[in-house]
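Read the structure below first, then the notes.
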Amino acid sequence: VAAVLFILGLKALGRPRTAPRGNLLGATGMLLAILVTLLDQSIISYGVLVAGLALGGLIGAALALRVQMTSMPELVALFNGFGGGASVLVASASFIEAVDLGRADNQLAVAAALTALIGAVTFTGSLVAFAKLQESLKWSGFGGIQIFNAAGMTAGVVLVVLVTAQPGEWAWLWALVAVGLVVGATATLPIGGADMPVIIALLNSFSGLAASATGFVLDNSLLIIAGSLVGASGLILTRIMCVAMNRSILDVVFSAAPVAVVGDGDEIYEGKIASTSAEEVAMLLETASRVAIVPGYGMAVAQAQHAVRDLMRTLQDSGVEVVFGIHPVAGRMPGHMNVLLAEAEIAYELLLDMGQVNPTFAQTDVTIVIGANDVVNPAARTDPDSPIAGMPILDVDGSRTVVVIKRSLSPGFAGIANPLFAADNTLMLFGDGRQAVLDIVGALVSA
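Using UniProt numbering, the letters of the sequence shown map in sequence onto residues 1 to 447.
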């Protein structure tokens with residue numbers, strides 16, 4: 001029954017309208033599985049079971065009430081880490097018990113070793129991702145870190161073989177966990193910015209794979225099924241996002257963080273930047289029949305989603321057609337922009353992906369870009385020597401007028417200048433994303 005609930009829940013998560021029901025089905029399936037397992041095996045008493053449920057419920061309720069939508073990427077990273085850490089602890093304890101009882105065979109050793117490695121990498125990798133998203137960790141590693149990571153992964157594979165060959169030697173297992181913890185941290189250190197959604201999706205997949213491997217250690221079919229579903233969906237999402245960035249997963253994991261290109265910006269921007277005001281933007285919008293809004297990480301930082309909703313409603317009340325163009329890797333986690341806009345009660349039907357919105361920019365009167373940079377950079381399409389050459393982007397430059405709301409002309413994660421900002425049909429509205437949108441709404445209302 002629990003397995004069926006997991007599958008139905010995963011299917012429901014594929015549609016925005018049924019996603020809440022999918023979450024509920026998945027949570028119900030997991031609760032049912034845990035209760036049946038603990039009670040059937042007489043593992044703990046009813047009192048401990050009730051206490052655990054109450055404590056977990058309180059923690060979940062506190063997180064739901066306290067964590068803002070803008071902090072959701074950090075919370076997802078933290079959950080991934082907890083999943084990986086739990087898998088390591090459970091699998092290691094069960095494997096050590098099996099060794100003591102003389103029941104450890106090669107199959108069990110392989111499952112325990114894989115759980116230890118994948119779970120440890122997931123744990124520290126997710127914690128580093130959490131710290132980087134919180135901007136409390138700005139260090140991006142040291143020289144030669146990619147060689148160090150490759151050596152660490154090689155050592156991990158060797159230790160997996162040793163654990164399998166000599167299951168009675170606990171030292172190999174603990175060494176494997178230690179290597180996994182180090183590699184997880186150092187592999188995530190150089191990664192940031194636009195690559196972070198890919199890494200979070202990959203770590204989510206790893207947490208599922210670790211749980212599935214733990215299922216083999218415990219001989220628990222339900223854990224194998226649930227972990228496999230999470231692992232497979234995470235890998236599929238990772239693949240989709242890599243395609244959207246025109247990069248392979250190896251490029252993301254093993255490439256160093258980009259360094260800003262000095263000098264290109266002055267050459268592209270000098271004398272070509274047209275600044276504007278909220279009042280001028282409002283006048284443009286008053287005569288528009290179709291407006292596209294393209295959100296980016298800057299919208300999340302400014303917490304401007306509710307102001308964007310107000311702008312949308314003001315325009316719709318005037319008979320203007322409003323749509324949103326969403327890039328798959330905009331933000332810092334998979335679906336980041338979708339989550340923020342959903343929290344602001346913006347209908348999902350208005351959120352268009354690249355394939356849907358790109359053909360319509362030519363018929364769009366005004367496109368408003370809020371805090372997005374690399375995902376709207378036409379250099380990806382026009383400059384074969386650009387670091388982002390070939391990356392699918394939102395073709396906002398095809399609109400009649402483009403308004404870019406941004407604090408400054410600073411480059412995005414790719415570290416390159418954006419010719420869009422200097423285009424003849426682009427107006428730059430400098431300032432905080434939320435305040436700029438509020439000023440536009442105010443100008444529209446008072447017009």
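Beta carbons are placed, not taken as given, at the ideal position from N, Cα and C, and that holds for glycine.
Item, Value
"Assuming residue 448 and Val322 form a contact by the criterion Cβ under 8 Å, report the distance between their Cβ atoms to the nearest whole angstrom.", "Because the chain here runs from 1 to 447, residue 448 falls outside it and cannot be looked at."
"Considering only C-alpha positions, which residue in the set Arg400, Ala362, Ala178, Leu444 is nearest to Gly119?", "Ala178"
"Ordered along the chain, which non-local residues of its own chain (more than five positions away) have a Cβ less than 8 Å from that of Glu286?", "Ser318, Leu444, Ala447"
"Please determine if the segment 417–425 and the segment 292–303 are in contact, where contact requires at least 3 C-beta pairs separated by less than 8 Å.", "no"
"Using a Cβ-Cβ cutoff of less than 6 Å, which residues in the same chain neighbour Val262 once the five nearest sequence positions on both sides are dropped?", "Only weak support is given to the placement of Val262: the predicted model assigns it a pLDDT of 44, under 50, and the question is left unresolved by the model."
"What does Ile368 pair with, by DSSP beta-bridge criteria?", "Ile293, Val403"
"Between the Cα of Asp251 and the Cα atoms of Ala91, Ser410, Ser126, Ile388, which residue gives the shortest distance?", "Ile388"
"Where are the alpha helix (DSSP H) runs, 4 residues long or more, that stay fully inside the segment 190–272, in chain order?", "196–218, 221–245, 249–254, 264–269"
"Let me make sure I understand the geometry here. Which of Leu409, Asp353, Ala304 has the alpha-carbon closest to that of Val396?", "Asp353"
"For Thr154, count neighbouring C-beta atoms within 10 Å of its own C-beta (all shown protein chains included) and say buried if the count is 16 or more, exposed if not.", "exposed"
"Under a three-way DSSP split, which group does Val396 fall into?", "helix"
"Just to confirm my understanding: we take Ala19, look at its own chain, exclude 5 residues before and 5 after, and list those with CB closer than 8 Å. What are they?", "Ala12, Leu13"
"Quick one: which unbroken beta strand (DSSP E) runs of 3-plus residues sit fully inside the segment 294–322? Chain order, please.", "none"
"Under the three-state reduction of DSSP, which class applies to Gly442: helix, strand or coil?", "helix"
"Helix or strand or just coil, what does DSSP make of Ser277?", "coil"
"What number of angstroms, rounded off, separates the C-alpha of Val320 from the C-alpha of Ala288?", "7 Å"
"Per DSSP, Glu430 is paired with what?", "The sequence shown places Phe at residue 430, rather than the Glu named in the question. Looking at the DSSP assignment, Phe430 forms a beta bridge with Lys406."
"Between the segment 218–229 and the segment 131–148, do at least 3 Cβ pairs fall closer than 8 Å?", "no"
"Quick one: is Ser248 buried, meaning 16 or more other Cβ sit within 10 Å of its Cβ, or exposed?", "exposed"
"Would Gly81 pass as a contact of Ser126 if the rule is Cβ separation under 8 Å?", "yes"
"Classify Lys138: buried if its beta carbon has 16 or more other beta carbons within 10 angstroms, exposed otherwise.", "exposed"
"Consult DSSP for Gly180 and reduce its assignment to one of helix, strand or coil.", "helix"
"Going by DSSP in three states, Leu352 sits in which element: helix, strand or coil?", "strand"
"Under DSSP, the alpha helix (DSSP H) around Glu97 begins and ends at which residues?", "72–100"
"Taking only the alpha-carbon atoms, compute the straight-line gap between Leu32 and Ala2 and give it to the nearest angstrom.", "6 Å"
"Smallest Cα separation from Pro359: which of Gly325, Met337, Ala344?", "Gly325"
"Whole angstroms is fine: what's the gap from Gly355's alpha carbon to Leu235's?", "22 Å"
"Measure the alpha-carbon distance for Met337 versus Leu162 and round it to whole angstroms.", "45 Å"
"Flag this pair as touching only if the segment 82–92 and the segment 203–215 have three or more C-beta atom pairs under 8 Å; answer yes or no.", "yes"
"Among residues of its own chain, excluding the 5 on either side of residue 448, which ones have a beta-carbon nearer than 8 Å to its beta-carbon?", "As displayed, the chain neither begins before 1 nor continues past 447, which places residue 448 out of reach and without an answer."
"Assuming Val376 contacts Leu351 under a Cβ cut-off of 8 Å, what Cβ separation, rounded to an integer in Å, is found between them?", "Contact doesn't hold; Cβ gap of about 16 Å is too wide."
"If I measure Cβ to Cβ from Pro328 and keep anything under 6 Å in the same chain, skipping five residues before and after, which residues do I get?", "Met241, Ala244"
"Where does Gly9 sit, in a helix, a strand or coil, going by DSSP?", "helix"
"Kindly indicate the opening and closing residues of the alpha helix (DSSP H) around Asn338.", "336–343"
"Taking its Cβ as the centre, do 16 or more other Cβ atoms sit within 10 Å of Leu101, making it buried, or is it exposed?", "exposed"
"I need the straight-line Cα distance from Phe254 to Asp195, nearest angstrom please.", "11 Å"
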